[in-house]
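J.: Pasting a structure here, questions to come.
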Amino acid sequence: MITTRPAEFRKVLPEGGRLLGLDVGTKTIGTALCDAGWSFASPAILVRRSKFSKDKATLAELLSAQQVVGLVIGLPLNLDGTESPRSQSTRAFARNVADLAPVLLWDERWSTQAVTRTLIEQDASRARRAELVDKMAAAYILQGAIDALVAI
Numbered sequence: 016m017i018t019t020r021p022a023e024f025r026k027v028l029p030e031g032g033r034l035l036g037l038d039v040g041t042k043t044i045g046t047a048l049c050d051a052g053w054s055f056a057s058p059a060i061l062v063r064r065s066k067f068s069k070d071k072a073t074l075a076e077l078l079s080a081q082q083v084v085g086l087v088i089g090l091p092l093n094l095d096g097t098e099s100p101r102s103q104s105t106r107a108f109a110r111n112v113a114d115l116a117p118v119l120l121w122d123e124r125w126s127t128q129a130v131t132r133t134l135i136e137q138d139a140s141r142a143r144r145a146e147l148v149d150k151m152a153a154a155y156i157l158q159g160a161i162d163a164l165v166a167i
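Heads up, the numbering used here is the position in the sequence shown plus 15, with the first residue counted as 1.
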């Protein structure tokens, strides 16, 4: 199941359970996990993209090890809310991992900018920002989604 509606996503999930947030890029996939009570999201691992089958196997291992019940995938939209070629690529990725767990596509328009701004304020070096931004963007995306899910 793939949806953009938090209420629909919420209905197919068990009460509580960990969620995995994904910031899907062309070179990496940033990941984040939330606690079973959906209170906070934390950056997890960074997956360096290779063949899709290997990427999917890595994600499947993470879902199993962390007892994940759902995926929240950042959907890159244009600033006006319309879809872009990158959005279509993310939707294709979601279709290919939807057999692992239910998927919620979440608007990620400002995630990378917000995280980058925070890292700059913390005086993180350019190299350190490059290392952290995708995982932190995944946590930012996941936190927005769990905040919406808790409010339902």
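The beta-carbon is built from N, C-alpha and C at its ideal position, and this holds for glycine as well.
(1) Could you have a look at T97 and say whether DSSP puts it in helix, strand or coil?
(2) Buried or exposed for T105, going by 16 or more other Cβ atoms inside 10 Å?
(3) Distance check for D70 and F108, CA to CA, integer angstroms please.
(4) DSSP state of R33, grouped into three classes?
(5) M151 and P21 - do their beta-carbons sit closer together than 8 Å?
(6) Could you give the distance in angstroms between the alpha-carbon of S79 and the alpha-carbon of A142?
(7) Among residues of its own chain, excluding the 5 on either side of R101, which ones have a beta-carbon nearer than 6 Å to its beta-carbon?
(8) F67 to A154, Cα distance in whole Å?
T.: With the given structure in hand:
(1) DSSP places T97 outside both helix and strand once states are collapsed to three, so it counts as coil.
(2) It counts as buried.
(3) Taking the straight line from one Cα to the other gives about 11 Å.
(4) Three-state result, R33: strand.
(5) Going by C-beta atoms, P21 is not nearer than 8 Å to M151.
(6) Their backbone Cα atoms lie some 31 Å apart in a straight line.
(7) A distance below 6 Å between beta-carbons, with the five flanking residues on each side excluded, links R101 to the following residues of its chain, in chain order: P91.
(8) Looking at the two C-alpha atoms, the distance is approximately 22 Å.
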